[in-house]
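Input: a single structure, listed below in structure tokens.
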Amino acid sequence: MEVPLLDLTRQYNAIKSEINQAVHKVLDHTRFIMGPEVEKFEEEAARYCGTKYAVGVASGTDALLIALRACGVKAGDEVITSTFSFFASAGVISRLGATPVFVDIDPDTYNLKPEEVKKAVSEKTRVIMPVHIFGQCADMDPVLQIAKDNDIMVVEDAAQAIGAKYKNRKAGTMGAFGCFSFFPSKNLGAAGDAGMIVSDYMDKQTFMKSLRDHGAHPKYYHSYIGYNSRLDTLQAAILSVKLKYLDQWTEARRKNAAFYNEALKDLPLKRPVELEHNYHIYNQYTIATDRRDELVKHLQNHDIGCAIYYPLPLHAQECYKYLGCTDDDYEVAPGASREVLSIPIYPDLRDDERNYVVEVITAFFK
């Protein structure tokens, strides 16, 4: 049996007629850039998250970049974020001439530790950017308090966490800005790149919409230097269809996670820890073992898809060597990068496939 890490064809086939109808509507009216579907999806996403507005952009990376611009991040500033994340979390900071300040993570959730954030605050800190890794929210209350005490803004990197909750508050709605990625593998995925910013800061809405369109407002008049980062109409149309199913798909992921939690509980590996006050959406189901690399080969030999998120912390990336950070500065993240492994969790996973994944992992440890 072959079990892929992700199979999007099943999702597409289940809603094929709706997707095709939405796409053909755009093809018929030909407003491929900033067509009516973009504003429609922005309104739906804002309503889903419970924010006053949403701004669609070309990618999750651009969402972070534009949100940081809205916070006034510039050369000489510092932005605190997790060292255990996808590169975009750091790259956007550097692109603005600011310095990323990487902090260590909680060993159970892999999210940044508020205690480390507090120690990292300096006079140059402009923004704290928690990453809601794997679909579970970071511990936001202490982060928000640190920000308030120091007059610092918070941008949530919720790229993997749309629909997740922290104490009944949705990911992306607790800081000044929440940023989502709709990369195809995400819980809510486009048919290409797409992203979104949600916020209640009404005074920044026009500015961010301007930045996504080269800084123009109105068209051909530029007060700022912006980006070519419009959410295209086809992606918005597809995402509108998929958004209706997001909660249903999330529940399916949670059921798969519950199955794994029970089936793997007696094995010498670490399972995901879902904190009591959180609602985890399981963008990934990530286990950990000091025999990770052996397990990867074992799964591959049995045609089971898996992936390592992430094999190298951000502080250890070649382009950030100039910061002078070493693994000795981080108690948890380097070890996590050596041990974590994500296995199939997508909502269309069949019972026989889940059973096979468990059988193969169990056999490895016997």
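Here the numbering used here is used: the first residue of the sequence shown is -7, the next is one more, and so on. All residues carry an ideal CB built from backbone N, CA and C; glycine is no exception. In this text the structure is predicted, and so the values were computed from the model without any measurement.
At a cut-off of 3 residues, the continuous stretches assigned as beta strand (DSSP E) that sit fully inside the segment 60 to 127 are 70 to 74, 91 to 95, 117 to 121.
Straight-line measurement puts the Cα of Y4 at about 44 Å from the Cα of L315. Taking C-beta separations shorter than 6 Å and ignoring five residues to either side along the sequence, the partners of H269 in its chain run K159, following chain order. Here the C-alpha atom of L19 lies approximately 24 Å from the C-alpha atom of R2.
Between Y237 and P122, the alpha-carbon positions lie close to 27 Å from each other. A residue is called buried once 16 or more other Cβ atoms fall within 10 Å of its Cβ, and K234 is buried on that count. Across the structure, A46 and K358 are spaced so that their CA atoms are roughly 50 Å apart.
Around the beta carbon of K313, fewer than 16 other beta carbons lie within 10 angstroms, which makes this residue exposed.
In the three-state reduction of the DSSP assignment, R330 falls in the helix class, which pools H, G and I. Restricting attention to E345, L(-2), I97, the CA atom closest to the CA of I72 is found in I97.
Bridge pairing for D205: N220 [DSSP]. Under DSSP, the beta-bridge partners assigned to C171 are D149, I189. Between the segment 171 to 181 and the segment 21 to 36, the count of Cβ pairs shorter than 8 Å is below three; the stretches do not touch. The DSSP-derived three-state label of H214 is strand.
Per DSSP, reduced to three states, the secondary structure at V350 is helical.
Distances from the alpha-carbon of L306 to those of D143, S86, I230, A67 put S86 closest.
CA-CA distance, I296 to R222, rounds to 37 Å.
Taking 8 Å as the upper bound for CB-CB distance, T225 and R23 are in contact here, some 6 Å apart. By the neighbour-count criterion, in which 16 or more other beta carbons inside 10 Å mark a residue as buried, H16 falls on the exposed side. If you ignore the 5 residues before and after M(-7), its C-beta comes within less than 6 Å of the C-beta of Y348, all in its own chain and listed in chain order. In the structure shown, the three-state DSSP call for R246 is helix. For F94 against C317, the beta-carbon gap comes to about 6 Å, under 8 Å, which counts as contact. For the set G64, S202, E286, I120, the Cα lying nearest the Cα of V135 is the one of I120. Our two residues, A153 and A50, have alpha carbons roughly 18 Å apart in a direct line.
In its chain, beyond the 5 residues on either side, V350 have a beta carbon closer than 7 Å to the beta carbon of A255. Judged by DSSP in its simplified three-state form, Y237 adopts coil rather than helix or strand. Under the DSSP assignment, V47 falls in the beta strand (DSSP E) whose first and last residues are 45 to 49.
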